[in-house]
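Inspection log for the structure reproduced underneath, given as C-alpha cells.
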Amino acid sequence: MEGENTLILNHKEYSYLKIFFFLSLILLPVNGFPLGLYNELLLELGFYPYLILSPLIAVLLLKRFYYNSFVTKILLVFVYWNIVSGFANMDSILNSYYKQTFGLTRYLSQLLMVSIGYMIVLFISTLIVKYKITLQQISKYIIISIKICVLIGLIEILGKVIGINIFLELYRLIATAINRGKFIPDRIHSISGEPSWYGMFGAFAYPFLIYVIVKEKKHFMLLFLFLVTIYFTQSRTMYFIILLQTIFFLPILMKRTLLNKRNIGVAFVAAALVVGVVLTNEEVFAQTTSQLTSTLKSVNDFSLGSTESYSSMTRLGMQTTAFNMGKDNFFFGVGQGQFMFKFQEYVPEWALGAYEIQDALNPLKRKFPQAHGMFTRIFGELGAIGLIVWLMLWIMCIVKLFALRHSVGSQEKTEIYILLGLTFGVLACGMNVDSFRMMVVWITLGIIAGWYLLVQKTLQDHKEKEKIC
C-alpha cells in the first residue's frame, strides 16, 4: 500500500474529525457565502469545517497523521510547479497592479488556495482510510445536501418560473442570507451562488445519488426533482455534463433498477402530476410555456451576436485569451493568479463586444477578469507543464480505478463505476469554472484517493491472511 510506512496517531482520539468531513458534504452546495467578499475560499461554506480545524490539521500533518497516495504525490508536484512558475515570473508579478489588486498579493493568495486544497485532499483521504469511511456513508450526507437543494430549488421555481409572489419573496430571504451577489431573475441556482456553480455541485452529487438508487432502490423521486432543478439553471455546459454522466450510468441503472415495473410506474405518476398541474392552471401554463421557450432558445442559440449568447461569447473569448497567453508563455506561463493582469493584450477582437469583457477591460469597473475555464487558465498561468501535471492527476485517477476492476468484487466494481462518473463530471466542469477555490474539486480528489487506498489496504490484508493460512 502506498504510504504504508507513515505514522498514524491513535484513531479513537481523533474519530470526531469524521463529523467535520460529513458536515462539509452537507454544506458543499453553498458556494456564494457573503463572507467570500474578503477571501475566495470563504465563499465556500463547505470550507468552514476545515477552517475551524485548520490549527489541528496543521499539527496532525506535522506529526505525519496522513496516508500518501498517487493523488497527493501528483498534487504536491503541482504545488511545486506553482512556486517554480512564480519565481520564473517574479519580476512581472512584483510590478503588476490592476483594479486595486497587486500581482504579488494575487499570486500568494492563489498559491495558498492550491496549498490548502492539497492539505484538504491529504486530510480527507487519511480520514477515509483510517476510519474505513465507505461510499455509502459519504452518499448519505450528500443526499441530505441534495434534498436541501431540491427543496429550495422548488421554492425558487415556484417563485421565479411559476410566478407565485410568496415563494419569490421567501426565496429572496433565503438567497440574501446565504449568498452574496445580485439576484438572478430567470435562472435558478438553489442555495448556490450562481447557476453554473449549482451545476458543478450537481455534477459532483449526481453520481452519489445514482449510487444510492442502485444500492438501496430508493430516491427515484428525488432524482427526478434534482434533474428538474438542474434543467432550470439554463446552463448548457451543465446539461452536457449531466447528459454524459446519465449515458455513462445508464447500463448500470437499466440492469439494477429501471427495469422494475414499480419504478416505471412511480416515474409515470410523477410526470403525470406535473403535467396535470401545468395544464389545469392557465397562469401556471402561460408562465411555464414562456420559461420553457426561453430556456430552449438559450440552449439552441449559439450565434455569438445574439442576446442569448453573450455569456457564451464571454466564456469562449476569455478561454481563447488564456490560450493565447499560454502560447506566448509556453513553458512557465505568466504565474499563478496573473491572468487578470496580462489578459488585455490577448483578447481576440471578435470577443470585445461582450459586455462582461468590456467591464473586465475597464479599470473603473469592479468586474474581475476570469478565464472561465480551468484548463485554459492553467495553460495561461502555469504553462504547458502545469497543464500536463493537472491533466495527469485526473488521468491517473481514471487509470488507477480501471486497474482495480480485475482485483475486486462486484460491490467495489459498482463503486469504481460511480467514481469514474464522478471523475468525468468534475473534470468536465473545468470547461466552465476556473477557480481553485471550488471545494467540489478537492473533496472529489480526497474521496477518490481515500477510497483507492482503503481498497488497496483491504486487498493487501487479504493477501497477508492467505499467506498465514
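Numbering (this note's numbering), first residue to last: 31 to 499.
Note that CB positions come from ideal geometry on N, CA and C, so glycine has one too.
Query	Result
Contact the stretch 432 to 446 vs the stretch 118 to 132: 3+ CB pairs below 8 Å	no
Backbone secondary structure at Tyr-127 - three-state DSSP	strand
Phe-373 (DSSP reduced to helix, strand or coil)	helix
Start-to-end residues for the alpha helix (DSSP H) that takes in Glu-445	440 to 458
Touching by the beta-carbon criterion (3+ pairs, under 8 Å), the stretch 451 to 463 and the stretch 125 to 137	no
CB of Ile-366 within 7 Å of CB of Tyr-137, strictly	The residue asked about is misnamed: residue 366 is Gln in this sequence, not Ile. In contact: Gln-366 and Tyr-137 (Cβ atoms closer than 7 Å).
Span of the alpha helix (DSSP H) around Met-461	Neither: Met-461 is in no alpha helix (DSSP H) and is coded neither H nor E.
DSSP-derived helix/strand/coil call for Phe-51	helix
Beta carbon of Ile-272 nearer than 7 Å to that of Ile-260	yes
Closest Cα partner of Ile-176 within the set Phe-95, Phe-256, Lys-162	Phe-256
Ordered list of alpha helix (DSSP H) runs contained in the stretch 145 to 228, each at least 4 residues	165 to 186, 195 to 208
Whole-number beta carbon distance between Ile-168 and Leu-55, since they are thought to touch under 8 Å	7 Å
Lys-93 Cβ short of 6 Å to the ligand GTP heavy atom set	As presented, the structure is devoid of all ligands, the ligand GTP included, so that no description of it is given.
Trp-111 burial status per 10 Å Cβ neighbour count (16 or more: buried)	buried
Three-way DSSP call (helix, strand, coil) for Phe-63 in this model	coil
Per DSSP, cross-strand counterpart(s) of Phe-270	In the DSSP output, where bridge partners are listed per residue, Phe-270 has none listed.
Distance between beta carbons of Thr-350 and Ala-390, contact taken as under 8 Å	Ala-390 to Thr-350, Cβ: 14 Å. No contact.
Any 3 or more C-beta pairs closer than 8 Å across the stretch 215 to 227 and the stretch 58 to 66	yes
Three-state class that DSSP yields for Phe-117 in the structure shown	helix
Sequence-distant residues of the same chain with beta carbon closer than 6 Å to Gly-507, five excluded per side	Shown here, the chain extends from 31 to 499; a query on residue 507 therefore has no answer.
Assigned exposure category for Pro-237 - 16 Cβ within 10 Å defines buried	buried
Alpha-carbon spacing of Ile-446 relative to Leu-452, whole angstroms	10 Å
Reference Cys-179; option with closest CA among Met-355, Glu-442, Met-230	Met-230
Host alpha helix (DSSP H) of Thr-259 (start-end)	250 to 261
Close-in-space but distant-in-sequence residues of the same chain around Ile-194 (CB under 6 Å, 5 per side omitted)	Leu-188
Segment contact flag, the stretch 242 to 258 with the stretch 462 to 475, C-beta cutoff 8 Å, min 3 pairs	no
Check whether Phe-362 and Ser-115 have beta carbons under 7 Å apart	yes
Which listed residue (Pro-225, Leu-165, His-492, Ala-384) has its alpha carbon closest to that of Leu-239	Leu-165
Beta-ladder partner(s) of Phe-132, from DSSP	Tyr-127
Straight-line Cα distance separating Arg-396 from Ser-440	53 Å
Helix, strand or coil at Ser-342 according to DSSP, with G and I counted as helix	helix
Of the residues Thr-267, Gln-490, Leu-184, Gly-480, the one placed nearest Leu-252, counting alpha carbons only	Leu-184
Separation of Lys-160 from Trp-227, as counted between CA atoms	31 Å
The alpha helix (DSSP H) enclosing Glu-379, as first and last residue numbers	Element bounds for Glu-379: n/a, residue is neither H nor E.
N- and C-terminal bounds of the alpha helix (DSSP H) containing Tyr-385	385 to 391
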